[in-house]
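Enquirer:
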Ligand code: MG
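Numbering (my numbering), first residue to last: 27 to 302.
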């Protein structure tokens, strides 16, 4: 099932994407609300054509920072270490947070912040949405806490990311979290999921990976994080990016105004954004 957040007749709604239409879910103030309460038993016999709505990111304003994994593909770890000596994989998972005031939807423009950075980069990632509050969850039970999956482009200002001791600022500029186009529920994938993920910039294939290559899988991450931290329903965990980001090229291929970035994940869809 595909779940989207959208604007229809000036009102923000949550709904089930059904072919070229969307069935609005009554009584849900937001996607986070729907995740907490579940779908109602009865849905209305209303179907709005997708062309009559404006899609927002599925969780447009996450109530907490996105949790991200760094260096979670071996090939990306290698290219990152060549770009900057601080970008190395340690013997444990690399976690950082990404502050998101407003996630950019499919079709939205990403502000390149030319006053702040000249090294804007893309990172196509599959993000996991936690479905119910998770505390001290063991690996073998982790599957039951996954609500679904979406695509996140972990846009990064590389010189900002590397000159400060932590990634937070360089990953959190406004607009640096394109997310969507919707959430696909976990029952549509095996567990652990093996999702092909690609990124194209102006039509050129830059990244081509598969979530089966994650160094740390969803069950590792949920067990490790929830051992000492409540992961609330609705939490977004972005699982890291494969090789092929702009900083990995010689010379680097950073994004510039007008570039079109398409992140694609099998079974989820495509997330297209222009750099503004
Ligand atoms: Mg990333």
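Note that CB positions come from ideal geometry on N, CA and C, so glycine has one too.
Computed from a prediction, not measured in an experiment: that's the story for all the values here.
Are the beta-carbon atoms belonging to residue 206 and residue 83 less than 8 Å from one another?
Expert: Within the chain shown, numbered from 1, the residue matching residue 206 stands at position 180. Within the chain shown, numbered from 1, the residue matching residue 83 stands at position 57. Yes.
Enquirer: Going by the beta-carbon positions, is the gap between residue 305 and residue 224 smaller than 8 Å?
Expert: The question about residue 305 has no answer, for the chain in this structure spans 27 to 302.
Enquirer: DSSP three-state call for residue 112: helix, strand or coil?
Expert: Within the chain shown, numbered from 1, the residue matching residue 112 stands at position 86. Coil.
Enquirer: Just to confirm, are residue 94 and residue 123 a CB contact at a threshold of 8 Å?
Expert: Position 68 of the chain shown, counted from the first residue, corresponds to residue 94. Position 97 of the chain shown, counted from the first residue, corresponds to residue 123. Taking 8 Å as the Cβ cut-off, residue 94 and residue 123 qualify as a contacting pair.
Enquirer: Kindly list the residues whose CB is nearer than 6 Å to the CB of residue 219, restricted to its own chain and excluding five residues on each side of it in sequence; keep chain order.
Expert: For the purposes of this step, residue 219 is identified with residue 193 of the chain shown, where counting begins at 1. Hits under 6 Å: 237.
Enquirer: Assign residue 182 to one of three DSSP states: helix, strand, or coil.
Expert: Here residue 182 refers to the residue found at position 156 of the chain shown. Here residue 182 sits in strand by DSSP.
Enquirer: Give the DSSP bridge partners of residue 232, in chain order.
Expert: Here residue 232 is taken as the residue at index 206 of the chain shown, counted from 1. BP columns for residue 232 are empty, so no partner.
Enquirer: Is the beta carbon of residue 264 within less than 7 Å of some heavy atom of ligand 1?
Expert: Numbered from its first residue, the chain shown carries residue 264 at position 238. Because some heavy atom of ligand 1 lies under 7 Å away, the Cβ of residue 264 counts as near it: yes.
Enquirer: Are the beta-carbon atoms of residue 281 and residue 138 separated by less than 8 Å?
Expert: If you number the chain shown from 1, residue 281 lands on position 255. If you number the chain shown from 1, residue 138 lands on position 112. Yes, the pair counts as a contact, with Cβ atoms nearer than the cut-off.
Enquirer: Just reading off the alpha helix (DSSP H) that residue 247 is part of, what are its end residues?
Expert: Translated into the one-based positions of the chain shown, residue 247 becomes position 221. Segment 244 to 252, the alpha helix (DSSP H) holding residue 247.
Enquirer: Can you look up residue 39 in the DSSP assignment and give me helix, strand or coil?
Expert: Here residue 39 is taken as the residue at index 13 of the chain shown, counted from 1. If DSSP states are grouped into helix, strand and coil, residue 39 belongs with the strands.
Enquirer: Spatial neighbours of residue 304 within its chain, please: C-beta separation below 7 Å, excluding the five flanking residues on both sides.
Expert: The structure shown has nothing for residue 304, since the chain only spans 27 to 302.
Enquirer: Have a look at the DSSP bridge pairing and note the partners of residue 28.
Expert: As a first step, residue 28 must be located in the chain shown, where it is residue number 2. The partner list for residue 28 (beta bridge, DSSP) reads 43 and 210.
Enquirer: Where does residue 61 sit, in a helix, a strand or coil, going by DSSP?
Expert: Working through the chain shown from its first residue, we reach residue 61 at position 35. Three-state result, residue 61: helix.
Enquirer: What do you reckon, are the CB atoms on residue 186 and residue 196 nearer than 8 Å?
Expert: Taking the first residue of the chain shown as position 1, residue 186 is located at position 160. Taking the first residue of the chain shown as position 1, residue 196 is located at position 170. Going by C-beta atoms, residue 186 is nearer than 8 Å to residue 196.
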